[in-house]
């Protein structure tokens with residue numbers, strides 16, 4: 036056996052046997068954080084997981100039964116009526132399911148895109164450019180995050196009814212195009228993600244401000260922008276109070292349509308819950324693809340915020 | 005206009021600076037200077053223009069409307085001073101709504117945060133499949149509050165609901181979730197807890213992971229058990245994050261609308277206002293009775309309450325949770341004093 040063909044012996048050693056340093060480290064970790072946690076840790080986590088999933092599963096079970104399904108009993112097994120119930124939600128003229136779904140999709144998308152653009156621009160200026168009044172304005176923006184939504188709805192309603200926009204989906208898109216949280220988020224991120232030297236170098240090389248923003252800022256902002264997009268999308272999709280006020284029954288978003296499900300027309304919980312599942316599926320799909328990003332976004336925001 | 009501050013150049017003065025001929029500023033240089041000066045304002049302007057129209061203007065205008073008897077048809081109001089505020093404060097419904105809002109807020113935020121800290125501590129251990137568990141606790145966050153409300157409303161149904169079914173089968177008996185004020189608050193708080201617990205767990209987990217592991221090692225060497233370590237190291241380190249989470253929960257909790265709105269079919273807070281909240285009442289006054297002056301006044305009252313409770317929370321959390329490392333972290337004033345003292349010593 037020749038050793039000539041073996042490229043880096045260090046790598047092969049490191050794969051199997053831990054180095055002395057690693058051994059010390061893992062022993063330390065074990066002592067501090069305990070050994071691999073035992074049964075009860077996973078038991079607790081399992082219970083938390085089940086309590087997160089169970090209400091959704093339960094509503095699917097009821098939503099797939101018929102109106103006679105005993106809700107007090109333990110209906111563990113889904114019935115065969117889900118598609119029938121879902122169909123009665125979709126075809127019900129009072130609910131307007133397809134327009135509601137489409138409204139939710141495109142309004143959430145537009146809102147999230149606009150928030151990302153306005154927040155990245157403002158965040159870049161607050162984080163990396165010096166200008167008179169900058170710090171004060173940023174404090175002001177952050178302070179407005181404590182203002183409840185209710186404080187703006189009366190004049191907004193008056194404004195949009197003067198414009199004749201009540202009932203129009205634009206009335207929920209326009210007020211949501213900017214976000215104080217978004218500006219704060221991007222400012223925090225860009226402040227630590229982009230070293231000042233990089234901007235100076237770009238300026239010395241003769242790049243205009245907008246070019247510096249575009250090449251340096253936008254590139255660095257991409258991960259934070261993706262997260263902001265996700266959060267804004269979820270928030271816009273789930274928003275209820277303002278859409279409920281300003282939209283009418285003919286042109287709802289999904290949460291508004293869902294609330295109409297439980298009006299006097301329906302007392303049949305299997306239909307109501309089938310509608311709930313139907314309306315929740317899009318965001319659950321989004322979560323399956325982007326849940327990891329949402330998790331890391333929440334955790335990143337917490338440390339920096 | 006005031007002069008715009010320029011980024012100070014770091015170049016040291018050269019000996020031949022004085023003898024150099026004055027530089028001719030070319031057009032492109034001038035352009036670049038203007039670029040430097042005005043670009044920041046250009047970048048923040050899209051945000052601030054929109055923000056002024058749909059954010060700031062409505063806040064100010066709400067204050068104006070709250071002092072008016074607003075006429076919907078004419079689209080204008082008559083100034084009547086504090087009458088709307090007095091009207092609201094003299095309504096028994098308002099005080100019921102205030103009590104309900106606080107009750108639901110406390111029932112949701114307190115257990116939620118305690119559980120979130122506990123689950124975060126479990127997730128902070130050296131577990132397998134970290135990402136999976138983190139994602140698992142976050143599932144409810146993407147479910148719309150209205151959907152959560154409808155699901156739990158069905159689960160908490162008085163007659164045939166799942167929860168009463170369990171309670172009866174273990175011999176406790178059915179609870180009148182939609183009749184008794186307290187139990188309706190518990191049911192609504194459960195919805196809030198369900199949706200937000202995972203979110204807060206992850207925020208607290210992030211803060212826990214930022215704690216220096218050496219502290220735990222030192223504590224272990226000193227013989228402190230896990231419980232002692234949790235209260236003496238983990239909890240004090242979480243303080244800034246706890247303040248953040250509590251303030252956010254306050255702002256959100258006092259505005260609660262979605263869940264109580266769908267707790268029954270009428271959506272008006274129950275037959276005897278058992279679960280009428282301030283925002284539900286605001287909606288009813290504004291868009292049920294079409295009285296915008298009163299709704300605006302109610303919005304301002306709600307805002308003031310949120311501000312007061314937020315401040316109170318800040319004070320309580322500050323005093324209750326002990327400060328970490330006082331010796332290490334000096335305030336800015338103390339640092340200044342220390343620096344001055346050192347300077348004096350150096351001079352003398």
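Residue numbers (this note's numbering), protein chains in the order written: chain A, 36 to 340; chain B, 5 to 352. Even for Gly, the Cβ is constructed at its ideal location relative to N, Cα and C. Note that the coordinates shown come from a computational prediction; the quantities given were computed from them, not determined experimentally.
Look at the segment 141 to 192 of chain A and you find these whole runs of alpha helix (DSSP H), each 4 residues long or longer: 169 to 178.
Judged by DSSP in its simplified three-state form, residue 231 of chain A adopts helix.
Here the alpha carbons of residue 88 of chain B and residue 95 of chain B stand approximately 11 Å from one another.
With a 10 Å radius around the Cβ and a threshold of 16 neighbouring Cβ atoms, residue 142 of chain A comes out buried.
The beta-carbon of residue 197 of chain A is placed less than 8 Å from the nearest beta-carbon of chain B.
Three or more beta-carbon pairs separated by less than 8 Å link the segment 112 to 130 of chain B to the segment 194 to 213 of chain B, which places the two stretches in contact. Under the Cβ distance rule, residue 273 of chain A counts among the residues neighbouring chain B, one pair being separated by less than 8 Å. Shown here, residue 199 of chain A sits in coil according to DSSP, grouped into three states, outside any helix or strand. Straight-line spacing of the CA atoms in residue 83 of chain B and residue 68 of chain B works out to 9 Å. Between the alpha carbons of residue 115 of chain A and residue 100 of chain A lies a gap of roughly 6 Å. A Cβ-Cβ distance of about 6 Å is found for the pair residue 313 of chain A and residue 124 of chain A, placing them in contact under the 8 Å criterion. For the pair of segments examined, the segment 163 to 170 of chain B was found not to touch the segment 267 to 287 of chain B: the number of CB pairs separated by less than 8 Å stays below three.
The C-beta separation of residue 126 of chain B from residue 80 of chain A comes to about 6 Å, placing the pair in contact by the 8 Å criterion. Close CB contacts of residue 217 of chain A within its chain, under the 6 Å cut and outside five residues either way in sequence, are with 150, 154, 263 (chain order). The three-state reading of DSSP puts residue 332 of chain A in helix, counting H, G and I together.
Against chain A, the beta carbon of residue 88 of chain B has no neighbour under 9 Å; the closest one sits roughly 11 Å away.
Below the 7 Å Cβ cutoff, chain B contributes 139, 142 as neighbours of residue 326 of chain A, in chain order.
It is roughly 25 Å from the alpha-carbon of residue 268 of chain A to the alpha-carbon of residue 287 of chain B.
In the three-state DSSP reduction, residue 294 of chain B falls in the coil class, being neither helix nor strand. Judged by beta-carbon spacing, residue 252 of chain A lies within the 8 Å limit of residue 159 of chain A, meaning their Cβ atoms are closer than that value.
The three-state reading of DSSP puts residue 86 of chain B in coil, since its state is none of H, G, I, E or B. Residue 222 of chain A is outside the set of residues whose beta carbon lies under 8 Å from a beta carbon in chain B. The segment 187 to 194 of chain B and the segment 229 to 239 of chain B do not touch, with fewer than 3 CB-CB distances between them shorter than 8 Å. When secondary structure is reduced to three states using DSSP, residue 91 of chain B falls in the helix class. In the three-state reduction of the DSSP assignment, residue 218 of chain B falls in the helix class. When rounded, the separation of the alpha-carbon atoms in residue 241 of chain B and residue 215 of chain B is 7 Å.
Between residue 234 of chain B and the set B/128, B/258, B/34, the nearest pair of CA atoms involves B/128. Taken in chain order, the complete beta strand (DSSP E) segments of 3 residues or longer contained in the segment 40 to 124 of chain B are 72 to 75, 80 to 83. For a Cβ distance threshold of 7 Å, nothing in chain A lies close to residue 185 of chain B: the least Cβ distance comes to about 21 Å. Interface annotation, residue 215 of chain B: not in contact with chain A, CB-CB separation never under 8 Å. The alpha helix (DSSP H) runs of length 4 or more contained entirely in the segment 246 to 309 of chain A are, from start to end of the chain, 253 to 273, 276 to 281, 289 to 296. By the criterion of a C-beta distance shorter than 7 Å, residue 121 of chain A is surrounded in its chain by 309, 313, once the five residues flanking it on both sides are discounted. Contact between residue 191 of chain A and residue 289 of chain B fails: their C-beta atoms lie close to 16 Å from each other, not under 8 Å.
In the structure shown, residue 127 of chain A falls within a coil segment according to DSSP collapsed to helix, strand and coil. One thing to note: residue 139 of chain A has its Cβ within 8 Å of the Cβ of residue 289 of chain A. For residue 208 of chain B, the uninterrupted alpha helix (DSSP H) run begins and ends at 185 to 213, by DSSP.
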